[in-house]
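Note that the protein sequences, when read in sequence, are chains A and B. Sequential numbering from 2 applies to the first sequence in the numbering used here. Sequential numbering from 2 applies to the second sequence in the numbering used here.
There are 2 protein chains.
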Amino acid sequence: MAREAHKRVLVVEDDRNIEELVRLHFSKAGFEVTSTADGDEALVLVEEIKPDLVILDWMIEGTSGIEVCRRIRRNSKTAHVAIVMLTARGEESDKLRGLETGADDFVTKPFSPKELVARAQALLRRTRPSLLADKLAYGGIELDVAAHRVRREGQVVPLSPTEYRLLKHFLENPEKVYSRQQLLDVAWPHNEDIELRTVDVHIRRLRVALGGSGGTDLIRTVRSEGYSLDASAA
Amino acid sequence: MAREAHKRVLVVEDDRNIEELVRLHFSKAGFEVTSTADGDEALVLVEEIKPDLVILDWMIEGTSGIEVCRRIRRNSKTAHVAIVMLTARGEESDKLRGLETGADDFVTKPFSPKELVARAQALLRRTRPSLLADKLAYGGIELDVAAHRVRREGQVVPLSPTEYRLLKHFLENPEKVYSRQQLLDVAWPHNEDIELRTVDVHIRRLRVALGGSGGTDLIRTVRSEGYSLDASAA
DNA sequence: GGGCATTTGTCACACGAGTGAAATATTACC
DNA sequence: GGTAATATTTCACTCGTGTGACAAATGCCC
Numbered sequence: 002m003a004r005e006a007h008k009r010v011l012v013v014e015d016d017r018n019i020e021e022l023v024r025l026h027f028s029k030a031g032f033e034v035t036s037t038a039d040g041d042e043a044l045v046l047v048e049e050i051k052p053d054l055v056i057l058d059w060m061i062e063g064t065s066g067i068e069v070c071r072r073i074r075r076n077s078k079t080a081h082v083a084i085v086m087l088t089a090r091g092e093e094s095d096k097l098r099g100l101e102t103g104a105d106d107f108v109t110k111p112f113s114p115k116e117l118v119a120r121a122q123a124l125l126r127r128t129r130p131s132l133l134a135d136k137l138a139y140g141g142i143e144l145d146v147a148a149h150r151v152r153r154e155g156q157v158v159p160l161s162p163t164e165y166r167l168l169k170h171f172l173e174n175p176e177k178v179y180s181r182q183q184l185l186d187v188a189w190p191h192n193e194d195i196e197l198r199t200v201d202v203h204i205r206r207l208r209v210a211l212g213g214s215g216g217t218d219l220i221r222t223v224r225s226e227g228y229s230l231d232a233s234a235a
Numbered sequence: 002m003a004r005e006a007h008k009r010v011l012v013v014e015d016d017r018n019i020e021e022l023v024r025l026h027f028s029k030a031g032f033e034v035t036s037t038a039d040g041d042e043a044l045v046l047v048e049e050i051k052p053d054l055v056i057l058d059w060m061i062e063g064t065s066g067i068e069v070c071r072r073i074r075r076n077s078k079t080a081h082v083a084i085v086m087l088t089a090r091g092e093e094s095d096k097l098r099g100l101e102t103g104a105d106d107f108v109t110k111p112f113s114p115k116e117l118v119a120r121a122q123a124l125l126r127r128t129r130p131s132l133l134a135d136k137l138a139y140g141g142i143e144l145d146v147a148a149h150r151v152r153r154e155g156q157v158v159p160l161s162p163t164e165y166r167l168l169k170h171f172l173e174n175p176e177k178v179y180s181r182q183q184l185l186d187v188a189w190p191h192n193e194d195i196e197l198r199t200v201d202v203h204i205r206r207l208r209v210a211l212g213g214s215g216g217t218d219l220i221r222t223v224r225s226e227g228y229s230l231d232a233s234a235a
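Below, the structure is given as structure tokens:
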């Protein structure tokens, strides 16, 4: 989730030339591109490959673009995906209907592929407020994802980036033991060639940071296994 | 606001025929019409008669239409007025620039006077969201959107355009961390090919501007993440 | 239109927090 | 008690950020 995997984009477009153009530019921008010319197939694919982004032509074979958009939004498994509509010039009313239907952005043909990619990327950067499950809490600790802020008993706890990532992972999976290697995998952006012992050090720093206000230690050491977040007595 | 007095309209147009045509139709629709052919005179009149609506020709004597528009918007006493631009056919780029400058609607010549009146009336009915929700506040900072003015502890804080956009975004989303890229997306009109580090500099300028009165720093640096507006202690 | 002030983007440099590894001390388990 | 695992401390180095300076771009006024 935190790691920088290639974003997937599904292109729904029945004009071969445009499809190629879009595919080329998104590939070049590091996206993994899948495409189809058919609306019904698009609905299957969007569930299957779980793209981060759908580029959707307004007028396509099978189910119309606007209908595809609506159905993607209605299906809870796919409702979250970002959607950019491609439409012909000058159809202002279409634009309104498209936004109502749930498209996130609109690009009118003819368009600059570079701009399309740029807007798509900006769209993916934008956080969707509705999707932010942004409060984690356990044993007197609160973590606000949006504000990137941690409190213990109401007191703000300053954490370094690594400490924050560690704690966030523990809060997302409380009372579950993770080995040092597992922790390196989830809380270190570049987890190659890092000593397992290093985890110990950061666990300690996290303990100190959290305990600054004098509370009990919520991080449990499980000998020869790893660590977990656990409010039960040691 | 509640009273149904005759709406006042100022027509800025140097073509005698068009001026007459517009005057006639707006009068018939119950407007009180004033007109001028000169841009500089328009700026005086708009303060004097406080119209509800300005019909503004793109190309006029004196100061150009776009410049008149800009100045009307910049003057806090007149910034709220509705503006409809009259422009020659086919100038899409003009249209864009006009909207950026602050025109509310665009009508291309030749136009139907009936349609012009209808759109003007629709415009007046339409509530301008930016002018309604026009007070943002957080941690001793007040931002008046309509007046385009910022105060801290009551003291007026002069801000450059970029600083203003940054602060406005933060005030609209307080205590939420934004990456440099996200800030470029929302606070820079043309965000292509701008270095991420540039954000740092403008954040600093905003800090200096806000802190001029000696208050604490409300902008929080979240290392390796971005910035947020946050009144809590570190 | 020309000259001036402001705004803006970029850079170079300095500083300090954050990080990873190593060395030593401590604890837990048999 | 012996051994292995973990805790703690320390240190060198990296990397992100703050800062001031500068040049280009923009807008403004006459």
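Cβ coordinates follow ideal geometry from the N, Cα and C atoms, glycine included. Please read all numbers here as calculations on a predicted model, not as lab measurements.
Straight-line Cα distance separating residue j from residue i
{"i": "Val34/B", "j": "Glu68/B", "result": "22 Å"}
{"i": "Glu196/B", "j": "Val118/B", "result": "46 Å"}
{"i": "Arg116/A", "j": "Val12/A", "result": "Note on identity: in this sequence residue 116/A is Glu, with Arg being the wrong assignment. Using only the alpha carbons, I get a separation of about 16 Å."}
{"i": "Ile220/B", "j": "Asp201/B", "result": "11 Å"}
{"i": "Ala104/B", "j": "Thr199/A", "result": "59 Å"}
{"i": "Val158/B", "j": "Lys51/B", "result": "27 Å"}
{"i": "Gly66/B", "j": "Gly40/B", "result": "7 Å"}
{"i": "Arg205/A", "j": "Ile73/A", "result": "46 Å"}
{"i": "Asp145/B", "j": "Lys136/A", "result": "31 Å"}
{"i": "Tyr179/A", "j": "Arg17/A", "result": "49 Å"}
{"i": "Leu185/A", "j": "Ala210/A", "result": "19 Å"}
{"i": "Gln122/B", "j": "Ala232/B", "result": "44 Å"}
{"i": "His203/A", "j": "Glu173/B", "result": "35 Å"}
{"i": "Ile84/A", "j": "Ser161/A", "result": "35 Å"}
{"i": "Trp59/B", "j": "Leu25/B", "result": "20 Å"}
{"i": "Gly212/A", "j": "Asp218/A", "result": "7 Å"}
{"i": "His170/A", "j": "His81/A", "result": "23 Å"}
{"i": "Ile19/A", "j": "Arg75/B", "result": "43 Å"}
{"i": "Lys8/A", "j": "Ser113/B", "result": "49 Å"}
{"i": "His149/A", "j": "Val55/B", "result": "46 Å"}
{"i": "Pro111/A", "j": "Glu226/A", "result": "59 Å"}
Residue-level contact to chain A via CB, residue i, 8 Å cutoff
{"i": "Glu20/B", "result": "no"}
{"i": "Glu48/B", "result": "no"}
{"i": "Ser113/B", "result": "no"}
{"i": "Ser233/B", "result": "yes"}
{"i": "Arg181/B", "result": "no"}
Residue interval of the beta strand (DSSP E) (run including residue i)
{"i": "Val34/B", "result": "33 to 37"}
{"i": "Ile220/B", "result": "220 to 223"}
{"i": "Val10/B", "result": "9 to 13"}
{"i": "Ile56/A", "result": "54 to 58"}
{"i": "Phe107/A", "result": "106 to 110"}
{"i": "Ala138/B", "result": "136 to 139"}
{"i": "Glu193/A", "result": "Glu193/A -> no beta strand (DSSP E), and no H or E assigned at all."}
{"i": "Glu143/B", "result": "142 to 145"}
{"i": "Val157/A", "result": "156 to 158"}
Residue i: contacting residues in chain A (beta-carbon distance under 9 Å)
{"i": "Ser229/B", "result": "Ala147, Ala148, His149, Arg150"}
Neighbour list for residue i in chain A, Cβ cutoff strictly below 8 Å
{"i": "Asp186/B", "result": "Ala123, Arg126, Arg127"}
{"i": "Ser225/B", "result": "Pro162"}
{"i": "Val178/B", "result": "Ala147, Ala148, His149"}
Short CB-CB distance (under 8 Å) between residue i and chain B
{"i": "Ala1/A", "result": "Outside the displayed span of chain A (2 to 235) sits residue 1/A, for which this structure offers no information."}
{"i": "Glu143/A", "result": "no"}
{"i": "Lys51/A", "result": "no"}
Neighbouring residues, chain B, relative to residue i (Cβ below 8 Å)
{"i": "His119/A", "result": "A small fix is needed here, since residue 119/A is Ala in this sequence, not His. Chain B residues near Ala119/A: Glu193."}
Enclosing alpha helix (DSSP H) for residue i [first to last residue]
{"i": "Lys238/A", "result": "Residue 238/A cannot be examined here, being either before or after the span of chain A that is shown, 2 to 235."}
{"i": "Glu49/A", "result": "40 to 49"}
{"i": "Ile73/B", "result": "66 to 75"}
{"i": "Tyr165/A", "result": "162 to 173"}
{"i": "Arg198/A", "result": "198 to 212"}
{"i": "Ala188/B", "result": "181 to 188"}
{"i": "Ala89/A", "result": "Careful: Ala89/A lies outside any alpha helix (DSSP H), inside the beta strand (DSSP E) at 83 to 89."}
{"i": "Lys153/A", "result": "What sits at residue 153/A in the sequence shown is Arg, not Lys. Unbroken run through Arg153/A is the beta strand (DSSP E), 150 to 153; no alpha helix (DSSP H)."}
Check: residue i C-beta below 7 Å from any heavy atom of the ligand MG
{"i": "Lys51/A", "result": "As far as ligands go, the structure on display features none, and thus does not contain the ligand MG."}
Residues of the segment 146 to 174 of chain A with Cβ closer than 8 Å to any Cβ of chain B, in chain order: Ala147, Ala148, His149, Arg150, Val157, Pro159, Ser161, Pro162
Where the segment 190 to 213 of chain B meets chain A: residues whose CB sits under 7 Å from a CB there: Glu193
Near-chain B residues of the segment 28 to 41 of chain A (beta-carbon distance less than 9 Å), N- to C-terminal order: none
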